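Take a look at the structure set out below.
Numbering (this note's numbering), first residue to last: 1 to 360.
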């Protein structure tokens with residue numbers, strides 16, 4: 001199958017080779033060295049501030065979202081949640097579940113954040129803001145510089161879900177003044193699912209140290225303490241952490257995160273520029289608001305689900321369907337993972353055939 005989803009994505013050959021061997025024992029100096037190098041390379045690629053640290057969780061991205069909510073926030077916080085879709089709603093649900101006081105800013109699906117709604121909350125004793133750097137369900141990328149400036153001006157802790165954005169879109173933790181940035185192994189890192197990575201600023205680390213424990217398995221206190229020796233508190237997804245080391249080192253050798261980001265951007269542009277002859281519209285209107293990671297497309301004739309099924313069954317191609325009320329109207333095409341322009345040529349040819357047969 002040719003995979004154009006937004007995760008799990010196709011892995012490069014060198015990652016598949018790491019995955020194909022037996023998992024080694026990990027309570028060793030050798031594995032600790034790998035973990036220290038993972039942390040150093042990840043923080044470098046994020047341009048993290050001095051003394052930032054990493055937590056490596058054996059979980060999905062949602063596990064990392066919840067871990068951030070329960071470790072960095074506390075019962076005295078007053079939280080802003082940006083909700084522009086399925087994953088923004090997840091932050092709202094986490095705040096509701098853990099009984100934090102929060103205000104939800106609801107964005108129209110596929111539309112940019114109206115900054116006036118955020119600015120109206122300035123000076124009202126909010127202490128934290130939760131945002132998905134780009135909303136994966138729609139492909140909208142928020143203006144993180146504007147959000148970051150608001151947080152700086154109001155001394156608000158900024159927690160950024162960059163699960164799909166890391167590598168694909170430009171992100172500078174220090175310049176943003178972000179306190180927490182999280183991502184997952186199965187997105188642009190192109191590894192198998194199972195590892196989430198959380199970068200913490202000094203301010204976030206202080207919060208973790210001073211907050212009451214709410215979880216044993218997802219304790220950032222224990223994770224940070226164990227990372228002092230290059231280990232995790234409990235058995236991690238060892239093979240995926242070895243894949244991570246291989247992937248980060250390969251990126252470093254190939255020109256760093258900017259080179260990888262350029263490649264992803266070029267794939268996204270290549271696909272988008274070749275859609276002109278198809279009866280499909282971009283969900284996100286302006287290119288500046290689109291994430292490099294994914295393109296969300298609207299079907300003219302409410303056949304998005306049929307397009308997904310035909311690509312899967314007749315062409316051995318996966319794209320991303322949308323669920324709920326958008327099931328028949330919207331599908332998404334990813335630009336992360338081990339993909340090349342010739343792969344998009346195959347997808348575009350398949351879409352044109354489907355259109356010619358009257359199924360679009």
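Positions of the beta carbon are idealized from the N, C-alpha and C atoms, including for glycine.
Keep in mind the model is a prediction, meaning the values are calculated, not measured.
The continuous beta strand (DSSP E) containing residue 106 extends over residues 101 to 106. In the three-state scheme derived from DSSP, where H, G and I count as helix and E and B as strand, residue 92 is classed as helix.
Bridge partners of residue 332 according to DSSP: 296, 320.
Between residue 195 and residue 56, the beta carbon gap of about 6 Å places them in contact (Cβ cut-off 8 Å). Ranked by Cα distance from residue 320, the options 138, 134, 237 are led by 138. Non-local C-beta neighbours of residue 341 in its own chain, meaning closer than 6 Å and more than five positions away in sequence, comprise 270, ordered along the chain.
When C-beta atoms of the stretch 93 to 105 are compared with those of the stretch 252 to 259, fewer than three pairs fall below 8 Å, so the two segments do not count as touching. In the three-state scheme derived from DSSP, where H, G and I count as helix and E and B as strand, residue 135 is classed as strand. For residue 211, no alpha helix (DSSP H) segment is defined, and its DSSP state is neither H nor E. Close CB contacts of residue 213 within its chain, under the 8 Å cut and outside five residues either way in sequence, are with 219, 221 (chain order). Put simply, the stretch 320 to 332 does not touch the stretch 342 to 357. Fewer than three CB pairs are less than 8 Å apart. Residue 153 has its alpha-carbon roughly 24 Å from the corresponding atom of residue 169. Residue environment: residue 102 is assigned as buried (16 or more neighbouring CB atoms within 10 Å of its CB, all protein chains considered). A distance below 7 Å separates the beta carbons of residue 334 and residue 5.
In this structure the stretch 197 to 213 lies against the stretch 62 to 79, because at least three pairs of beta carbons, one per stretch, are closer than 8 Å. The Cβ atoms of residue 348 and residue 274 lie closer than 7 Å to each other. Remark: C-beta atoms of residue 281 and residue 262 do not approach each other more closely than 7 Å. Boundaries of the alpha helix (DSSP H) harbouring residue 151: 144 to 153, taken from the DSSP string. Beta bridge pairing from DSSP links residue 78 with 101. The beta-carbon distance between residue 8 and residue 338, rounded to whole angstroms, is 12 Å. This is too long to meet the 8 Å contact definition.
Distances from the alpha-carbon of residue 141 to those of 147, 133, 148 put 133 closest.
Note on geometry: alpha-carbon atoms of residue 47 and residue 313 lie some 43 Å from one another.
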